[in-house]
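2 protein chains.
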Amino acid sequence: MDRPPPDAEFDVIARITSRVSAGLLPLGPGDDAAILASGAVWTTDMLVQDTHFDGRLSPADIAYKAVAANVSDLAAMGAAPQAMLLSLGLPDADGAWVDSFADGLAEACHRWRVALVGGDTVRAAVVIVNIAMGGHCVARPMTRKGAREGDALWVTGTLGVAGRAWQEPHPPEASLAAWRRPDPPLDAALALARWGRVTAAMDLSDGLATDLRRLTVASGVGASVDVDAIPGGSGDVVWTGGEDYELLFTTGPSDDPRPHVEATGRRATRIGTMTGAVGDSGWPTPAWTHFAGAA
Amino acid sequence: MDRPPPDAEFDVIARITSRVSAGLLPLGPGDDAAILASGAVWTTDMLVQDTHFDGRLSPADIAYKAVAANVSDLAAMGAAPQAMLLSLGLPDADGAWVDSFADGLAEACHRWRVALVGGDTVRAAVVIVNIAMGGHCVARPMTRKGAREGDALWVTGTLGVAGRAWQEPHPPEASLAAWRRPDPPLDAALALARWGRVTAAMDLSDGLATDLRRLTVASGVGASVDVDAIPGGSGDVVWTGGEDYELLFTTGPSDDPRPHVEATGRRATRIGTMTGAVGDSGWPTPAWTHFAGAA
Chain A
1 MDRPPPDAEF DVIARITSRV SAGLLPLGPG DDAAILASGA VWTTDMLVQD THFDGRLSPA
61 DIAYKAVAAN VSDLAAMGAA PQAMLLSLGL PDADGAWVDS FADGLAEACH RWRVALVGGD
121 TVRAAVVIVN IAMGGHCVAR PMTRKGAREG DALWVTGTLG VAGRAWQEPH PPEASLAAWR
181 RPDPPLDAAL ALARWGRVTA AMDLSDGLAT DLRRLTVASG VGASVDVDAI PGGSGDVVWT
241 GGEDYELLFT TGPSDDPRPH VEATGRRATR IGTMTGAVGD SGWPTPAWTH FAGAA
Chain B
296 MDRPPPDAEF DVIARITSRV SAGLLPLGPG DDAAILASGA VWTTDMLVQD THFDGRLSPA
356 DIAYKAVAAN VSDLAAMGAA PQAMLLSLGL PDADGAWVDS FADGLAEACH RWRVALVGGD
416 TVRAAVVIVN IAMGGHCVAR PMTRKGAREG DALWVTGTLG VAGRAWQEPH PPEASLAAWR
476 RPDPPLDAAL ALARWGRVTA AMDLSDGLAT DLRRLTVASG VGASVDVDAI PGGSGDVVWT
536 GGEDYELLFT TGPSDDPRPH VEATGRRATR IGTMTGAVGD SGWPTPAWTH FAGAA
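Chains A and B are the protein sequences, given in the same order. The first sequence maps to residues 1 to 295 in this note's numbering. The second sequence maps to residues 296 to 590 in this note's numbering.
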């Protein structure tokens, strides 16, 4: 499999948004989801065979993952999912494949209380799954932009579990399970949004190294990470594994989000402190990540 | 190129929707777009290289077509576009390709006054463009379901022009131009929605034979078509060409929509009358179209 390098993704987005004026949006591209003038929040996520999944995922897993990735984006902004549109590209009309896919889709829709309201199906050389999902914020939206010097840096859950599924040749079954069925902390994220003391938040989809840098760049601060505190250990996979679908967030220095997160059955762990200057943070940067023009 | 057979598309949708309960939606899958409880209207459309386009389309054309296809879906329901999400799959990060694509996107966004508010970019073996677009109805939504026996059947514009671009080995330049840059009758559709006398409407994306059958099935009526009246002639391409992106609609027997359509610079032509029974209509059905369970 061939995951897209984050720098290339950034470049494509920058090239497009620099040419397309986006007059309507209060928030716009660059956060996990877009907030429309109506107050609705929308996000979209595309999974492509051989890039995002291979034969180790069943059709039901693929559908479940696609829904979960969008739920994760909405959760990171403090938005509850409501409706989604599915575009499905298939090499052929294989009834058993479609039935399995639909079962995974139904399971995920039930899990996160989101309705499939429309879609498109096309023929394609590989399996393509695109979901666009809309929801509504339960409180003031959380974004990547509000972290301040001195704020505490937190993550939910355990990092690096799903990442081992595609980084290691013989990953443990627990890693495969986490990779097949992501469990974004929707309830914890909504609880944090209602609490109102989160200063910045985003979901961890591309790995801590990449996503933390995005948060610091968006907020205009740096971050000092206590490597020994990271839930999941200090191995490279917690930094670069990706697909954690956990929440990375900041609070005021003395705020304690743990009761709100733990009430939903998830753990929150403080892993560092935000610092004054972007780029002084000293956490590892994988060789394949270079943010042209961002640092 | 290999356009997906409509019957296979129907089967996939039926298999999925039969397994996924969709509790929230007042309208739901099956019309051109979905109307959410909030009153927002959303649609999505996926274009895949080698299925929907080939080297005769520039990156700018591909972007423009993708926006147009979604605008056409919203227009058919009487909805004005507002915002869209773009998912883009690319084999590599080719700056010139992306710049051309962005220019076509910007042109289309300006043409139909719609803002790009978010998206996703991924690596894929072929170019994949998915747009999800939201808007709002300017009046009571138009749907496929309201046509009654005796109603007049109308189309906007001229049929079969774009279809010749991919059905013929050496199509005229006007066909290539229409195929590259679809011009859905948004203003005419909104004028018809405000007029309030349209009983059923849908956009013509898969060809008159396929789409008219969908409208009759949705409304539970038949249709008798005056073949000589079809704007574009009586050749097979007006029935099966597809990609017309014109509006197919019905009105009461003595209503005249032409002033409303013509005020927007588009033509409306009466091509037939709705009849009492589904399936008695006698218009040609291409061999590749068989609607399992629908007729």
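Glycine included, each C-beta is placed from N, C-alpha and C at the ideal position.
Comparing C-alpha distances from T44 (chain A) to each of B:A518, B:G517, B:A427 shows the shortest one belongs to B:A427. Against chain B, a Cβ distance below 7 Å from A162 (chain A) picks out nothing, because the smallest value is about 17 Å. With respect to G232 (chain A), G135 (chain A) sits apart: the two C-beta atoms are not nearer than 7 Å.
From the beta-carbon of S87 (chain A), the residues of chain B found nearer than 7 Å are T339, M341, N425. The criterion of a C-beta distance shorter than 7 Å is satisfied by R266 (chain A) and A188 (chain A). CA-CA distance, V417 (chain B) to R270 (chain A), rounds to 31 Å. Its Cα nearest to that of G567 (chain B), the residue B:G517 stands out among B:L385, B:R476, B:G517.
The beta carbon of L215 (chain A) sits closer than 7 Å to those of R144, A147, A200, M202, L248, all from its chain and outside the five residues before and after it, given in chain order. Sequence-distant partners of I62 (chain A) (beyond 5 residues in either direction) whose C-beta falls short of 8 Å from its own C-beta, in its chain, are L47, F53, F101, G104, V127, V129. Unbroken alpha helix (DSSP H) stretches of 4 residues or longer found wholly inside the segment 493-551 of chain B: 503-514, 531-535, given in chain order. Here A162 (chain A) really is in contact with G241 (chain A); their C-beta atoms are around 7 Å apart, less than 8 Å.
With respect to P464 (chain B), K360 (chain B) sits apart: the two C-beta atoms are not nearer than 7 Å. Remark: three or more beta-carbon pairs, one from each stretch, lie closer than 8 Å, so the segment 537-556 of chain B and the segment 501-510 of chain B are flagged as touching. The straight-line gap separating the alpha-carbon atoms of R258 (chain A) and M142 (chain A) is approximately 17 Å.
The DSSP-derived three-state label of D327 (chain B) is coil. Beyond the five residues adjoining it in sequence on each side, R492 (chain B) comes within less than 8 Å, by CB distance, of T546, G547, D550, P552 in the same chain, given in chain order. Secondary-structure assignment with DSSP links R140 (chain A) through no beta bridge to anything. Take D523 (chain B), set aside five residues on each side of it, and the residues of its chain with a beta-carbon closer than 8 Å to its own are S529, in chain order. Partner residues in the beta bridge of G429 (chain B), as assigned by DSSP, are B:W337, B:A378. Around the CB of G334 (chain B), fewer than 16 other CB atoms lie within 10 Å, so the residue is classed as exposed. A distance of 7 Å or more separates the beta carbons of G78 (chain A) and V155 (chain A). Excluding sequence positions up to five before and after R435 (chain B), its CB lies within less than 8 Å of the CB of G373, A488, G491, all in the same chain and listed in chain order.
D368 (chain B) places its beta carbon less than 7 Å from that of A328 (chain B). Residue contact with chain A for T346 (chain B): present (Cβ-Cβ distance below 7 Å to some residue of chain A). For R553 (chain B), the secondary structure class from DSSP, reduced to helix, strand or coil, is helix.
An exposed status is given to H405 (chain B), since fewer than 16 other beta-carbon atoms sit within 10 Å of its beta-carbon. V126 (chain A) sits in coil when the DSSP states are folded into three classes, being neither helix nor strand. DSSP places R270 (chain A) in no alpha helix (DSSP H) but in the uninterrupted beta strand (DSSP E) bounded by 268-275. With distances taken between CA atoms, D92 (chain A) lies nearest to A:A124 out of A:A263, A:R15, A:A124.
A check of alpha carbon separations from V261 (chain A) across A:Q167, A:A218, A:A191 identifies A:A191 as the nearest.
Contact annotation: L380 (chain B) and R475 (chain B) have beta-carbon atoms that are not nearer than 7 Å. Its Cα nearest to that of T158 (chain A), the residue A:P184 stands out among A:G95, A:P184, A:A96. Beta-carbon to beta-carbon, V412 (chain B) and L88 (chain A) are separated by about 23 Å, too far to satisfy the 8 Å threshold. In the three-state scheme derived from DSSP, where H, G and I count as helix and E and B as strand, T121 (chain A) is classed as strand.
Close partners of A188 (chain A) in chain B (Cβ separation under 9 Å) are lacking, with about 23 Å as the shortest Cβ gap.
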